[in-house]
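Chemist:
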Amino acid sequence: MATTHQLNDKPTATLNGGQNLDHVRSNAFSIGGTHAAGGIDISQPGFPIYHRKFANPGPLGLFSFASTTLILSLFNVSARGVTTPNLIVGMAIGVGGLVQLLAGMWEFAAGNTFGATAFSSYGGFWISFALIFWPSSGIAAAYTNADEFHNALGIYLMTWFTFTFIMFIATHKASVALSSVFFFLWITFLLLGTAEFTANATITKAGGAFGIITAMCAYYTGAAGLYTDESSYVQLPMVPLVRKNNV
5 MATTHQLNDK
15 PTATLNGGQN
25 LDHVRSNAFS
35 IGGTHAAGGI
45 DISQPGFPIY
55 HRKFANPGPL
65 GLFSFASTTL
75 ILSLFNVSAR
85 GVTTPNLIVG
95 MAIGVGGLVQ
105 LLAGMWEFAA
115 GNTFGATAFS
125 SYGGFWISFA
135 LIFWPSSGIA
145 AAYTNADEFH
155 NALGIYLMTW
165 FTFTFIMFIA
175 THKASVALSS
185 VFFFLWITFL
195 LLGTAEFTAN
205 ATITKAGGAF
215 GIITAMCAYY
225 TGAAGLYTDE
235 SSYVQLPMVP
245 LVRKNNV
């Protein structure tokens, strides 16, 4: 408890034990400071360092990717007789595109290069894919020859097949769950691109089937990141591909 004493007409404060409170205050602001002659601190007091903790954006990115992929893949296998995929436009822009792109930006802030690259890129994929089938964009309408349009779409999908293979290689030291997402997505792009080149409906359905598997793997991986010790009694194994050495 601090008490006040009068010394040479100047009030001073002391703590229990007689320690001068003014001395404590000056020391509190002079840690690492610059002192001039006579011990006067001439530096600005340092500000405390705050370490902000970022939430894990991985589940958000994986769930938005999985949901959009699942819907398009169900259309590709003609589930419930649906063969026109234009309803995917809204989902691809709002969820697969915007939400996943935001997850990628947050992965940049969290320092996760792989997550930032994957979510941002596939977010861009869904937005660009939606624009192709959005009537107001005029992209599909610009092709007067149907074969030319399908060949162009096949090149587009094969480009993403190449990119997905690069991302798949980058998962070889991650986990079985994450690696499975990119492996099946890689096969999906290969089949869908081939289907556009050959105009083969059977291959399109095969691509849709692999797309459904991809979506399920993404749901599982996202749930594994969401179900933590703090939030759930259930934890899903990711199965690491590299055994960590015990330190």
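The numbers in my numbering rise by one with no breaks, and the one at position 83 of the sequence shown is 87. Built from N, CA and C at the ideal position, the CB exists for glycine as well.
Are the beta-carbon atoms of I92 and F112 separated by less than 8 Å?
Modeler: Within the sequence shown, the letter at position 88 stands for residue 92. Within the sequence shown, the letter at position 108 stands for residue 112. No, the pair does not count as a contact, with Cβ atoms beyond the cut-off.
Chemist: Since W110 and P61 are thought to touch, with beta carbons under 8 Å apart, how far apart are those beta carbons, to the nearest angstrom?
Modeler: Residue 110 sits at position 106 when you count from the first residue of the sequence shown. Residue 61 sits at position 57 when you count from the first residue of the sequence shown. Indeed, because the Cβ distance is near 4 Å, the residues count as touching under 8 Å.
Chemist: What's the gap between the Cα of P139 and the Cα of V185?
Modeler: To locate residue 139, count along the sequence shown from 1; it is residue 135. To locate residue 185, count along the sequence shown from 1; it is residue 181. Using only the alpha carbons, I get a separation of about 31 Å.
Chemist: How many angstroms separate the CA atom of L195 from the CA atom of F188?
Modeler: Numbered from its first residue, the sequence shown carries residue 195 at position 191. Numbered from its first residue, the sequence shown carries residue 188 at position 184. Looking at the two C-alpha atoms, the distance is approximately 11 Å.
Chemist: How about S68 and A107: do their beta carbons lie closer than 8 Å?
Modeler: The residue given as residue 68 occupies position 64 in the sequence shown. The residue given as residue 107 occupies position 103 in the sequence shown. Going by C-beta atoms, S68 is nearer than 8 Å to A107.
Chemist: Below 8 Å on the Cβ atoms is my contact criterion, and I expect L74 with A219 to pass it. Report the Cβ-Cβ distance as a whole number of Å.
Modeler: For the purposes of this step, residue 74 is taken as the residue at position 70 of the sequence shown. For the purposes of this step, residue 219 is taken as the residue at position 215 of the sequence shown. Between A219 and L74 the Cβ distance is about 4 Å, and since that is below 8 Å, they are a contact.
Chemist: For the alpha helix (DSSP H) containing S140, list its first residue and its last residue.
Modeler: Counting from one through the sequence shown, the residue named residue 140 turns up at place 136. Taken as a continuous stretch (DSSP letters only), S140 belongs to no alpha helix (DSSP H), as it is neither H nor E.
Chemist: When the Cα atoms are used, what is the spatial distance from F201 to R247?
Modeler: Start at 1 with the first residue of the sequence shown, and residue 201 comes out as number 197. Start at 1 with the first residue of the sequence shown, and residue 247 comes out as number 243. Rounded to whole angstroms, F201 to R247 spans 42 Å at the Cα level.
Chemist: Reducing DSSP to helix, strand and coil, say where P241 ends up.
Modeler: Taking the first residue of the sequence shown as 1, we reach residue 241 at position 237. Three-state DSSP puts P241 in coil, outside helix and strand.
Chemist: Taking 6 Å as the limit between beta carbons, can you name the residues of its chain near G101, skipping five residues before and five after?
Modeler: For the purposes of this step, residue 101 is taken as residue 97 along the sequence shown, with counting starting at 1. G127, W130, I131.
Chemist: Does the beta-carbon of I173 have 16 or more other beta-carbons within 10 angstroms, so that it is buried, or is it exposed?
Modeler: As a first step, residue 173 must be located in the sequence shown, where it is residue number 169. By the 10 Å Cβ count, I173 comes out exposed.
Chemist: Around the C-beta of I159, are 16 or more other C-beta atoms found within 10 angstroms, so that it is buried, or is it exposed?
Modeler: Residue numbering aside, residue 159 sits at position 155 when the sequence shown is read from its first letter. Flag for I159 reads exposed.
Chemist: Measuring only the C-alpha atoms, how far is N149 from L245?
Modeler: Along the sequence shown, read from residue 1 onward, the residue named residue 149 stands at position 145. Along the sequence shown, read from residue 1 onward, the residue named residue 245 stands at position 241. Between N149 and L245, the C-alpha separation is close to 47 Å.
Chemist: Would you mind giving the Cβ-Cβ distance between V81 and G212, rounded to the nearest angstrom? I have them listed as a contact below 8 Å.
Modeler: As a working mapping, residue 81 is identified with position 77 in the sequence shown. As a working mapping, residue 212 is identified with position 208 in the sequence shown. The pair is a contact, with the Cβ atoms about 4 Å apart (cut-off 8 Å).
Chemist: Roughly how many angstroms lie between the CA atoms of P89 and T208, to the nearest whole one?
Modeler: Position 85 of the sequence shown, counting from 1, holds the residue named residue 89. Position 204 of the sequence shown, counting from 1, holds the residue named residue 208. Distance between the alpha carbons of P89 and T208: 12 Å.
Chemist: So, helix, strand or coil for S71, using DSSP?
Modeler: As a working note, residue 71 is residue 67 in the sequence shown. Reduced to three states, the DSSP call for S71 is helix.
Chemist: Is S235 helix, strand or coil when you go by DSSP?
Modeler: Along the sequence shown, read from residue 1 onward, the residue named residue 235 stands at position 231. DSSP places S235 in coil when its eight states are reduced to three.
Chemist: According to the Cβ coordinates, are L66 and A203 closer than 8 Å?
Modeler: Walking along the sequence shown from the start, residue 66 turns up at place 62. Walking along the sequence shown from the start, residue 203 turns up at place 199. The answer is no: Cβ separation not under 8 Å.
Chemist: With respect to the alpha helix (DSSP H) encompassing K209, which residues constitute its N-terminal and C-terminal limits?
Modeler: Position 205 of the sequence shown, counting from 1, holds the residue named residue 209. Here the alpha helix (DSSP H) through K209 covers 205-230.
Chemist: If I'm right that A134 touches I97 with Cβ under 8 Å, what's the distance once you round it to whole angstroms?
Modeler: Within the sequence shown, the letter at position 130 stands for residue 134. Within the sequence shown, the letter at position 93 stands for residue 97. Indeed, because the Cβ distance is near 5 Å, the residues count as touching under 8 Å.
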